[in-house]
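Structure first, then comments.
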């Protein structure tokens, strides 16, 4: 088992004919993901190494029965592409694109919420990897193997860092979900933790947060209210000064809100173990799993 | 029994301090309707013959527990007032105002639909009368008594005409619902017929349509698909020329669409009895009821 | 309110919809001067809001000054399906590689704007819809979200417009939707939407219907006029805030409530008569409104008899009677009146009429009886 | 991007938010001329984007030409909490009957704009929120519906503004919301929003933060500059499309991925060090980007040691190594480097570094070990 993506995933990639789009689509296919099509307006009828390209998501869905979309188009076009995928009936939309205007994200999020049909992961995220089943996005799959640790993270590379240490301790992952570093992520920690809680394969959840917003604090409340699986957390950005955007559009301490300290305290107050370094998080996770085994 | 309004109705009137608003609010109260408040921005704290006035719907709902709103403000302010009532948690909004811009109605309708909390009747309608229980709107209650005929109509005066003949034949009404003559009514024939179908008191449904749109045709399909109570219909506007708005903003034959003939035929093809004159409708209704008795 | 082509194109231009440049003209001199400025070939187009202008000879291409004068002369004053041409629009002749159709309509069933695009342009779209419905790409827009770029692409690909104009056609649809929303239209139609040999996309015609109820927010639109449509009775009624529609018959009709008046027209027609108008005196009409309405009805010279059909709810029958008496006092009508008063204060109303003993006024107690009576009187 | 007060007020004026009229000045002469034009009393205001300008002496009222010169002289070049005043805004002094607070913020939790209004204007709103939260009326706006008139009324009544200004305050909130949406702001704040003795409502200050990601749609905003905020390293990094934030310490940091870099800063701090910058070389960085990043890091004279923390996913460690070797070739740095390469092609990368045998470059195999090493080297 796993969450969100698996062997039933039928992926259509928006922006498949771009350099990055082509590279990662093929990489995902090589991993075993069913990449059933791509969308590039005006290039319908062409193919990318055998993957058929369509002019619209509607045509792609009609022809391939796709249920998952990956968005790889430049920021200016990304919200439109997300909304097109949603309108075409795609269930899961994974938006990799970084730098989408905040108001575009706001609109996309609220339309998806209103219609209640699709789930959005990202934008500005590395995607989703269910080791051994499917990889949708840019997560380097080589570091991860199948296992029982669910990972949800606002950060890409940091996740690989933590995942790698966990793997070195001998454990694998059910699914790794990058929810992205933007101010309005389509899915929040809560959404993903809830899925891991229901996933029979997942036995421990690693949550990798950072400064900005209050998603971690809300997740702490949610975990306290009914998550029975152990959760280990990490928060990046203790040394970030207020008012500065730390790489991710969403990673900013505004006034006194969104500090790493407040987040770590909120999680610890609800019984979540918070590691001080990525290494410590991996060790915590490994020791909890070893104890349970 | 009855539908939509009854002795549990707690009414707040937007525009209660206007001439018409005051007149009809008091008339509704005299009939026995619980008129618990009014809304007029800037007049909060005043009262209209004992009915307290509030600045906002939110304050009115918080103070009175109102569940029903009547909108009596001029067209320019009406959609805003409808949306305010919806936002304040009102269940049933009855919009009497005529002449609301179509795009305002479109917006109001779609917000109400999206949020799924409230039901809108009207705009440009005479309101709802459940004889003996409550009157919300401007229907002259004197012509109607309690009974088992449910009436739903796009037109006000025509309803009184038909209702009056039915009353003269000795029958009364469960509820009379004016859905209004605008292009985007908050509730359609289908919505109201469905309520009458479920209402134990209602034994026969009179549907009073007119040219424009396809609400009658859709109602015919709906009736065929599962309405077991007898339905008698009337359609006004057989002589209306195309392209002319016949008084109601919604009463217009556009090209070849929305003719009275097509509507009558659609209803008759689904077994609905259609009267050629208001008198004939009333007689049909009376004879069906007499036969059932 | 239906806009004339040139008014619609001016609205289009405000929202970035590409239109051929042109000028408005009301005389032959103005038209020829406009054509001289624009250059030849120019097109002289009759400004009447009705289909089939071209077939009726209301659209002509002028190759030089002489032809421009000649065509303007021929078209001005022309009658096209009952409408007299008072105005011209002169624009540069466009070269046409393809003709498409595009529109945004207010879809009452879906309660959402419906955008349509077809490559079968230049034809009657209702006919296309009937004979070849697959040739029209349709898409409902969520009014809370608005028209998105993908909507434009989807329509363009589904309608199968030429591949090289997918983007500009999509952009034009977005602009037409903007017109629809910003101007509070209920219809925005372009037929034909053309592609030139230079692969430019343009609205060659413009049909725009604005929502009368929203004109208070658009004072610049409220001032637009269509002289070919102006009817003296309808103008008079409008000035008096009466809801009046002129019809072809000879029986004047007054009632209270749009549905009841429509029904009255039907019942009169069933009785063999032919209504001269629709007039809804509205709810709660006071005597002055009734007097005013009688004046409007009688200003139509075709009227040979008048039917009052009142079912008083908010409207009080005694007020209606008073208004009628006042009207007789002021106008002294020569045609017979049939009056049916029922509902609120009907007894008082009938009593007032009886006391006034107006010449040629007949009271009836039922709608059906009143209709039969008035038909007889008008015969 | 944070706008200066005067830039914000110019944006406000475009959307009908009432602001006092004023002029921008960069010299004493310009300021005095502006004040002469506007009339006295005038207010000379330091243009720096930071709270507490008034207390710091950056806002002064001039009663005449002499005072205008004197104040402009005093304020230009002044240091306010670390920012140097390069620009002034001169506006007519407003009379104040009441001071309110209004804002529209991008509420990340609710994923909707949050509009706030309070009669406790002119104070630090975070303080008000803590000490007297009931004094702030708050309302989330559904971004698909937008700000409605009733939202304005509701906020005004709930905040209990003076009864006679409910309507103009509501209208101002609507205009501020329009600024928020139309300019793609993430923050629009007015503090104080004043009511004059003549009962006019005005924005006396303006704080606007624009979304950098949306500037491509707003070329006029993209050109706005805040000279008091311009940092040479940050400008250099921006020109090279690097994500760089300057910090106070002495250890230069480079990593790939924002989260990993933030984490690296933390681990360095835990080890007792003090980072000089945040620099995310991004995913899939090529050698040139690394070389360019090293130049930016070393252009900060405080840097005494540099830490490379790379976990290669898309990024290939051999490319990073090549970039570092190239940087040494070009710049010949004098400070020590600690390099931790892990992940994709890490073996190759470490091999390349070993072969290059760069002076003062130390490789470490773990993030924690690398942090400890660099802290030691910088001490």
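Chains as they are written, first to last, in the numbering used here: chain A, 1 to 293; chain B, 294 to 586; chain C, 587 to 965; chain D, 966 to 1344.
Backbone N, C-alpha and C define an ideal beta-carbon position, used for all residues, glycine too.
Bear in mind the structure is a predicted one, so any value in this text is a computation, not a measurement.
- By the criterion of a C-beta distance shorter than 6 Å, residue 177/A is surrounded in its chain by 128, 152 and 192, once the five residues flanking it on both sides are discounted.
- Assigned with DSSP and collapsed to three states, residue 501/B falls in strand.
- Three or more beta-carbon pairs separated by less than 8 Å are not found between the region 359-369 of chain B and the region 432-447 of chain B, which leaves the two stretches without contact.
- Take residue 1026/D, set aside five residues on each side of it, and the residues of its chain with a beta-carbon closer than 6 Å to its own are 1006, 1008 and 1058, in chain order.
- DSSP places residue 1098/D in the helix class (H, G or I) of the three-state scheme.
- Within the region 1045-1128 of chain D, the complete beta strand (DSSP E) segments at least 3 residues long are 1053-1057, 1063-1072, 1077-1083 and 1101-1105, listed from N- to C-terminus.
- A distance below 6 Å between beta-carbons, with the five flanking residues on each side excluded, links residue 324/B to the following residues of its chain, in chain order: 428 and 434.
- Here DSSP, grouped into helix, strand and coil, assigns residue 571/B to helix.
- Note: residue 441/B is not bridge-paired with any residue in the DSSP secondary-structure output.
- Annotation: the continuous alpha helix (DSSP H) that includes residue 657/C extends over 651-661.
- Identification of chain C residues near residue 459/B by a Cβ-Cβ cut-off of 9 Å yields none; the smallest Cβ-Cβ distance measures about 13 Å.
- Residue pairing by DSSP puts residue 273/A in a beta bridge opposite 232/A.
- Out of 336/B, 537/B, 316/B and 349/B, the CA that lies nearest to the CA of residue 1118/D is found in 349/B.
- Here the alpha carbons of residue 1056/D and residue 1019/D stand approximately 15 Å from one another.
- Distance from the CA of residue 539/B to the CA of residue 951/C, rounded to the nearest whole angstrom, comes to 25 Å.
- Under the three-state reduction of DSSP output, residue 402/B falls in the helix class.
- Contacts between residue 1128/D and chain B, judged by CB atoms closer than 8 Å, involve 335 in chain order.
- Within chain C, no C-beta atom comes less than 7 Å from the C-beta of residue 341/B; the nearest is roughly 19 Å away.
- Around the CB of residue 1206/D, fewer than 16 other CB atoms lie within 10 Å, so the residue is classed as exposed.
- Neighbours of residue 694/C in chain A, taken as residues at a C-beta separation under 9 Å, are lacking, since the least C-beta distance is about 22 Å.
- For residue 1025/D, the enclosing beta strand (DSSP E) stretches over residues 1024-1027.
- Taking the Cα of residue 687/C as reference, the smallest distance to any Cα among 936/C, 895/C and 790/C is reached at 790/C.
- Rounded to whole angstroms, residue 758/C and residue 399/B show a C-alpha spacing of 23 Å.
- Within the region 300-372 of chain B, the runs of alpha helix (DSSP H) at least 4 residues long that lie entirely inside it are, in chain order, 312-324 and 350-357.
- For residue 709/C, the closest Cβ of chain B is not nearer than 8 Å.
- Of the residues assessed, residue 1187/D falls on the exposed side of the cut-off, its CB having fewer than 16 other CB atoms within 10 angstroms.
- For residue 169/A, the CB contacts under 7 Å within the same chain, skipping 5 residues up- and downstream, are 282 and 286 in chain order.
- Taking all protein chains in view, the Cβ of residue 554/B is surrounded by fewer than 16 other Cβ atoms within 10 Å, so the residue is classified as exposed.
- In this structure, the straight-line span from the alpha carbon of residue 1183/D to that of residue 197/A is close to 44 Å.
- For residue 928/C, the enclosing beta strand (DSSP E) starts and ends at 923-929.
- Contact check between the region 1197-1217 of chain D and the region 252-267 of chain A: fewer than three CB pairs, one atom from each, fall below 8 Å, which does not count as touching.
- If you draw a straight line from the Cα of residue 1130/D to the Cα of residue 1167/D, it is about 11 Å long.
- Sequence-distant Cβ neighbours of residue 85/A in its own chain, meaning closer than 6 Å and more than five residues away, are 57, 69 and 93.
- Note on geometry: alpha-carbon atoms of residue 610/C and residue 333/B lie some 48 Å from one another.
- Under the 8 Å Cβ criterion, the region 688-700 of chain C does not count as touching the region 631-640 of chain C, having fewer than three qualifying pairs.
- Boundaries cannot be given for residue 394/B, as no beta strand (DSSP E) includes it and DSSP labels it neither H nor E.
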